Amino acid sequence: MQFVCFTLMPYRPLDMAERHKHRSAWVVLPNELYDPEKGAAEYDSYINHLVAAEGLGFDVVAVNEHHQTAYGLMPAPNIIASALIQRTKRVKIAVLGRALPLVNNPITIAEEFAMLDNLSRGRLIAGFVRGIGTEYHATGLNPVFSHERFHEAHDLIVQAWTRPGPFEFESENYNYRYVNLWPRPYQRPHPPVWIPSQGSAETIDWAADPSRRYPFLVTFSAHDLVARYLNAYRDRAREFGYEPSGDQLGWAVPIYVADTDERAREEAKAPIESLFNEYLNNPWEMLLPPGYTSLGSTKRMMKARAALGTRPKHQSVDALIESGTALIGSPQTVREKIEKMRDLTGFHNLVAMLQFGVMTDALAQRNMEMFASEVMPRLRG
Amino acid sequence: MPTMEQHRFRDLEARSLHAGEGDPLLFLHGSAGLPVWGPFFDTLAAKFDVHVPEHPGFGASAAPDWIRDVPDMAMHYLDVLDALDLKGIHLVGHSLGGWIAAEIAIRNTNRIASLTLMAPAGVRLHGVPFGDNFIWGREESVRNLFHDQSFAEQMLARTLSDEEADLALNSRFMAARLGWEPRWVNPALKRWLHRIDVPTLVLWGDDDKLFPPAYASAWTDDIAESRAEIIQACGHLPHVEKSAETASRIVAFLGRK
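Sequences listed follow chains W and X, in order. Once you know that position 329 of the first sequence is 338 in the working numbering, the rest is easy, because the numbers rise by one and skip nothing. Once you know that position 138 of the second sequence is 332 in the working numbering, the rest is easy, because the numbers rise by one and skip nothing.
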């Protein structure tokens, strides 16, 4: 099993009373609530956290992209990736990922990833995402064209990495007379591409396609859903006529370990509840702008939501443990849950979020050390 | 009462409400889709041959991939006018429909006798902010449509059937396709408003929380034969909230010319 240490870099000093005056911690949360002194210290903490992961034996450290939000302070994740490259030697650096449809010139993404791949001498893993629904409010880009832009930008980037330049590129949204990347990527034919997703059928189908076989990561979902989506990928690959390897299957999940289940639950309660209820929680209109998911998927989700009632429910630590959305407990409890998922799906990439929500540096450090010493070793091999 | 007609243009099927006799009047609906036929339409249908087509992509009408923006929609309607061979049309558009009507009129007014724009989208007055009906929740959206909140209460008290909710979602998707970016505006439109050479009436509710009535001047400044009329105690849907007054203003305008 391959272990990825990931953090969202949430802005922890957030004034929660102020937060509650606004519909979301995204897009509309006034940035006067951001204090640059405290924010600068946050960057130090999180970069130290990821650098420490190398020493503890993680295989990959990972960052990602979100815009105009206290949920994560990385609108430009490649900047963090670049800092990590300078402070690490062995570990791979995953950017999970860049949101392709949000830029008007995807060549810049191909260029930056190629630079990072050279700077790290081939330690880069390139993630491609569409961004969550809120990013389409943050950037103003039309969510209706999100899928179309994603596919075109993907094709452009991969061609920019692999085709001898200069060449011409034409598509509905992107048109270039000259595509001619300097530098080219360090890895051949190009850095590995991972696809983090919430499990839409369209994404699974696209990522599993034999021409791509991109590793697929299910993020922030209940245990049963994670198993269903990973197996859907496996089934799709088999329908395409090949057997996917465990390296193509990944699970991104908040994890907290302590000596006992009780202690873990107690220490993780505030951080995990803040993650889901304060930082991540969004009204429907922000999370699912029209066109972000297909009409059919949106209709199914709306019916499911109507059945649940209109008010978003408070997600308690117990409910999140129960559903397997977060892994919280003793090293043995957490290890067994990971083994269970491995037995169910054969997944190989575990993206462990060991700092989340308002979790302090001290707890995050103890958590990752215990995870590395008590959970990881027995899952290797 | 209107009849529901089905039209076929190129590869798409579109529904249209039709009632009345007289000079043709084409009503282009806003982003919520085909309107409920109320007293406003009855008043117009008493004097005119009223057609209310459902825009492609809205409600039950198919969303062809060759309509990506409002200029495409305007070209589609120019095709429709040719196909129906209508002449001397009184073109009336509300909100998104007003924007479409204006995009039609800057291209070709040969078949158009007059233009009535009710709280039209499509042109922005810089420095005057407008509402964000894509971020508003359902209740907020409904409340922000009206001055008189009893209309909002009535609308909120209704539960949509599954089928109605599906049709509303179709409309919301198509409205986003046409109006999300740049939001509810075509920067090029303002540059060509001077081409509108038919009498034009701009109607606006004085308490429109989506598009403020200050936008009216952005239209009348550039359209030669145009005037703006502000309807008091009225929100974004004059034909619903002030149906009698709005209809009689339109009838008076069309009678004068």
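Where is the CB? At the ideal position from N, CA and C, for every residue including glycine. On a predicted model such as this, the values are computed, not experimentally measured, just so you know.
Quick one: grab the DSSP three-state call for residue i.
i: X/D243; result: strand
i: W/G259; result: strand
i: W/Y242; result: helix
i: W/E177; result: strand
i: X/H201; result: strand
i: X/E248; result: coil
i: W/Y265; result: strand
i: X/P407; result: helix
i: X/F221; result: strand
i: W/R186; result: strand
i: X/L339; result: coil
i: X/I300; result: helix
i: X/I417; result: coil
i: X/V322; result: coil
i: W/R312; result: Note on identity: in this sequence residue 312 of chain W is Lys, with Arg being the wrong assignment. In this structure, W/K312 counts as helix in the three-state DSSP scheme.
i: W/I118; result: helix
i: X/I329; result: coil
i: W/K47; result: helix
i: X/V392; result: coil
i: W/I102; result: strand
i: W/L289; result: coil
Let me check one thing: in DSSP terms, what residues is residue i bridge-paired to?
i: X/W398; result: X/I424
i: X/S210; result: X/E199 and X/P247
i: W/Q11; result: W/N358
i: W/R107; result: W/F137
i: W/P205; result: W/L226
i: X/M312; result: X/H288 and X/L397
i: X/I283; result: X/I306
i: W/W35; result: W/T78
i: W/I297; result: The displayed chain sequence assigns Leu, not Ile, to residue 297 of chain W. Partner(s): none; W/L297 has no beta bridge.
i: X/V379; result: X/G316
With 8 Å set as the bound, which would you pick, yes or no: does the beta-carbon of residue i sit closer than that to a beta-carbon of chain X?
i: W/H29; result: no
i: W/N113; result: no
i: W/L150; result: yes
i: W/P292; result: yes
i: W/G106; result: no
i: W/H156; result: no
i: W/T334; result: no
i: W/K101; result: no
Quick check: is the beta carbon of residue i nearer than 8 Å to any beta carbon in chain W?
i: X/D360; result: yes
i: X/R158; result: With chain X represented from 195 up to 451, any question about residue 158 of chain X goes unanswered, as that position is not in the structure.
i: X/H329; result: As written in the sequence, residue 329 of chain X is Ile, which differs from the His given in the question. Yes - at least one Cβ of chain W is within 8 Å of the one on X/I329.
i: X/R371; result: yes
i: X/R209; result: no
i: X/L339; result: no
i: X/V363; result: In the sequence on display, residue 363 of chain X carries Leu and not Val. Interface residue, yes.
i: X/W374; result: yes
Excluding the 5 residues preceding and the 5 following residue i in the sequence, name in chain order all residues of the same chain whose CB lies nearer than 7 Å to its CB.
i: X/S420; result: T394, V396, W413 and T414
i: W/H163; result: L109 and F137
i: W/M83; result: M18, V72, N73, E74, H75 and I89
i: W/T16; result: Y55, H58, L59, M362 and Q364
i: X/S210; result: E199, H201, H245, V246, P247 and E248
i: X/A208; result: H201, P247, E248, P250 and S255
Which stretch, first to last residue, makes up the alpha helix (DSSP H) that contains residue i?
i: W/A371; result: D370 to M379
i: X/L272; result: V264 to L278
i: W/T212; result: A210 to A217
i: W/R130; result: From DSSP, W/R130 is part of no alpha helix (DSSP H); its letter is neither H nor E.
i: W/D327; result: V326 to E331
i: W/Y145; result: T143 to T148
i: W/S382; result: Taken as a continuous stretch (DSSP letters only), W/S382 belongs to no alpha helix (DSSP H), as it is neither H nor E.
i: W/M83; result: Premise fails: W/M83 is in no alpha helix (DSSP H) and is neither H nor E.
i: X/P432; result: P432 to E435
i: X/A370; result: D356 to G373
i: W/W170; result: S155 to T171
Which residues in the same chain have their Cβ closer than 6 Å to the Cβ of residue i, if we skip the five residues on either side of it in sequence?
i: W/L23; result: A79
i: W/Y265; result: A273, A277, I337 and N376
i: X/F405; result: A313 and F324
i: W/T180; result: The amino acid occupying residue 180 of chain W in the given sequence is Ser; Thr does not appear at that position. Hits under 6 Å: E161.
i: W/P340; result: V266, E383 and V384
Among the residues of its own chain, which have a CB less than 8 Å from the CB of residue i, if the five just before and after it don't count?
i: W/V188; result: I116, L165, Q168, A169, R172, G174, P175, F176, E177 and F178
i: W/A231; result: S332, G333 and T334
i: W/V104; result: A71, V72, N73, E74, P86, N87, A90, F122, L125, L133, I134, A135 and G136
So the beta strand (DSSP E) residue i belongs to, where does it begin and stop?
i: W/V70; result: V69 to V72
i: W/P338; result: Per the sequence presented here, residue 338 of chain W reads as Gly, with Pro not at that position. Its beta strand (DSSP E) spans residues L336 to G338.
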